Every structure is written in C-alpha cells, then in structure tokens.
Amino acid sequence: GENVEQHPSTLSVQEGDSAVIKCTYSDSASNYFPWYKQELGKRPQLIIDIRSNVGEKKDQRIAVTLNKTAKHFSLHITETQPEDSAVYFCAATYTGGFKTIFGAGTRLFVKA
Amino acid sequence: DVKVTQSSRYLVKRTGEKVFLECVQDMDHENMFWYRQDPGLGLRLIYFSYDVKMKEKGDIPEGYSVSREKKERFSLILESASTNQTSMYLCASSLDIRTSARSDGEQFFGPGTRLTVL
Numbered sequence: 010g011e012n013v014e015q016h017p018s019t020l021s022v023q024e025g026d027s028a029v030i031k032c033t034y035s036d037s038a039s040n041y042f043p044w045y046k047q048e049l050g051k052r053p054q055l056i057i058d059i060r061s062n063v064g065e066k067k068d069q070r071i072a073v074t075l076n077k078t079a080k081h082f083s084l085h086i087t088e089t090q091p092e093d094s095a096v097y098f099c100a101a102t103y104t105g106g107f108k109t110i111f112g113a114g115t116r117l118f119v120k121a
Numbered sequence: 162d163v164k165v166t167q168s169s170r171y172l173v174k175r176t177g178e179k180v181f182l183e184c185v186q187d188m189d190h191e192n193m194f195w196y197r198q199d200p201g202l203g204l205r206l207i208y209f210s211y212d213v214k215m216k217e218k219g220d221i222p223e224g225y226s227v228s229r230e231k232k233e234r235f236s237l238i239l240e241s242a243s244t245n246q247t248s249m250y251l252c253a254s255s256l257d258i259r260t261s262a263r264s265d266g267e268q269f270f271g272p273g274t275r276l277t278v279l
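Here is the structure:
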C-alpha cells in the first residue's frame, strides 16, 4: 500500500547549523507534499509545501526539494534556532487530496 | 481565523465503554479527518469524510466508526474501548482541492484528545 518513509527519526544539531530531513514516498500519483511542524503539546501546523510540478521551494530559512523520479523530497532548515526544536512530519497526498499519508516524524533538537 | 476544536483535551475511560470524540470546524471545509498519533508511528489515518454523511476508511479503521451528520462536525466513536486504543487523537479539516481554487490541500488540526483506556 501507500507508504511514506521519513529519516532520521531523531536529529540533534548545534544552533546555527543546518538540518536536513528526508522522505520517500511510494505512490507516483502523489502530487502535493506538505511539511508540518508540531511543537511540544501543540497541534501540527503547515510550515511549507511543494507541488509535483515544482522542484524546489524556499521560505526564509526553510526550503523543500522534490525529486519526482526518485520519489523523494527533503526539508532543509538553515541557521537553526532553539525555537526550531519540534517534531517535523512530511506527507504525501493522493487521489484528489482526500487521503494524506504521513511519515513517522523527525524529532529535531537544536542545542543552544 | 481558522479554528478546529475537539470536545476534550484529556479523557479517561474504562475497557468496554463506548467513547465519543467530537470535532468541530468553523471554516466550511468539505474534508474532515481523524488520526491517531503514537510515538514512532507518526499520524495514522483512521477515517476521513469528504462530505456530509460520507465516510471512507483510512489505514487503521478497526475498532472505530465515525459520523458526519453536519458539515462542520465529525465524530469518532469507539464502540467498545480497549487498552490498545490509548493514544492521542487528532482531528483535521481541509478544503476540497478539486473544487476550491483557494486550497492546496493544507490540513488544519485540532488540539488533540489524549485518551487513556484503563
């Protein structure tokens, strides 16, 4: 069945360093790839997304890249700050946006 | 401002009890979803609904049912709660990207209900 694999499960970086989280999806019909951030005790919130007709998208310190051929996409956070510490989920959406498959999540720790 | 609310933040029930979790959204979204969140497993889809009275099974529907009688409200029902249903339950809603030019498919989540079944 459809699947999204996310790596690593835990990532620890020093403040100011970059962080990269990678995801692989199984269904080539996926056409929308959002990333959600969930701070401790809070609800997941969309931070950036990308559509399958775009290879890269950037929003300040956050960027997402998509390789349709290889069926993988990545989140890049530059100049990390302690407030970036959270769990990040990648996702792939199928069949008209009804069903979104989430990755297992990456817990990011940014050490001051 | 987008708002999705859930009936309880914390709930403690006993094995065998019938449990109702309710979710309400005020954004006139067509799609609504129920997920459970467990450590290391991410968000797993239980059921979703794309219209009133319509429902579709997600990846882990066993032991759950849902009801959508009104567009703004989506209920998750545990017919006979079991200890392995102890989890965080998240509701979400989104616009239908097939019919709305405003939507990219972003899901808006509720605050979650932490359910403990003893």
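Quick mapping for you: the protein sequence lines, in order, are chains A and B. Per my numbering, the first sequence runs over residues 10 to 121. Per my numbering, the second sequence runs over residues 162 to 279. Ideal placement from N, C-alpha and C gives every residue a C-beta, glycine not left out. All of these numbers come straight from a predicted model, not from anything done at the bench.
Proximity below 8 Å, CB of V96 (chain A) to CB of V22 (chain A): Taking the C-beta atoms as reference points, V22 (chain A) is found no nearer than 8 Å to V96 (chain A).
Cutoff 8 Å: L55 (chain A) Cβ touching any chain D Cβ: The chain labelled as chain D is not found among the protein chains of the depicted structure, namely A and B.
Sequence-distant residues of the same chain with beta carbon closer than 7 Å to D93 (chain A), five excluded per side: Closer than 7 Å at the Cβ level, and outside the excluded window around D93 (chain A), lie I86, L117, V119.
Below-8 Å beta-carbon distance, F235 (chain B) vs any chain A residue: For F235 (chain B), the answer is no, since every Cβ of chain A falls outside 8 Å of its Cβ.
Members of the segment 188 to 213 of chain B that neighbour chain A once the beta carbon cut-off is set at 7 Å: Answer set for the segment 188 to 213 of chain B: N192, G201, L202, G203, L204, L206, F209, Y211.
Runs of beta strand (DSSP E) wholly within the segment 44 to 117 of chain A (minimum 3 residues, chain order): Note on the segment 44 to 117 of chain A: whole beta strand (DSSP E) runs with a minimum of 3 residues are 54 to 60, 65 to 68, 71 to 76, 81 to 86, 95 to 103, 108 to 111, in chain order.
Proximity winner among A:S18, A:K108, A:Q15, relative to K218 (chain B) (alpha-carbon distances): Comparing Cα positions, the closest option is A:K108.
8 Å Cβ shell around R175 (chain B) - same chain, five flanking residues per side excluded: By the criterion of a C-beta distance shorter than 8 Å, R175 (chain B) is surrounded in its chain by A242, V278, L279, once the five residues flanking it on both sides are discounted.
Proximal residues of chain B, C-beta to C-beta of T109 (chain A) below 7 Å: Going along chain B in sequence order, the residues near T109 (chain A) (Cβ under 7 Å) are Q268.
Touch test, the segment 242 to 254 of chain B against the segment 195 to 204 of chain B, Cβ-Cβ under 8 Å, three pairs minimum: Short answer: they touch.
Min CB distance P272 (chain B) to chain A below 8 Å: Cβ-Cβ to chain A under 8 Å: yes for P272 (chain B).
Under 9 Å by beta carbon: chain B residues contacting F98 (chain A): In chain order: G203, L204.
Any 3 or more C-beta pairs closer than 8 Å across the segment 177 to 196 of chain B and the segment 223 to 233 of chain B: Below 8 Å, enough C-beta pairs join the segment 177 to 196 of chain B and the segment 223 to 233 of chain B to call them touching: three or more.
Under 7 Å from the C-beta of T102 (chain A): neighbouring residues of chain B: What T102 (chain A) touches in chain B: G266.
Other residues of its chain near E14 (chain A): CB distance less than 7 Å, five sequence neighbours each side excluded: Within its own chain, the residues whose Cβ lies closer than 7 Å to the Cβ of E14 (chain A), once the five positions on either side in sequence are excluded, are C32, T33, G112, listed in chain order.
Residue nearest to V29 (chain A) in terms of C-alpha spacing, selected from A:F82, A:A100, A:E11: For the residues A:F82, A:A100, A:E11, the minimum Cα distance to V29 (chain A) belongs to A:F82.
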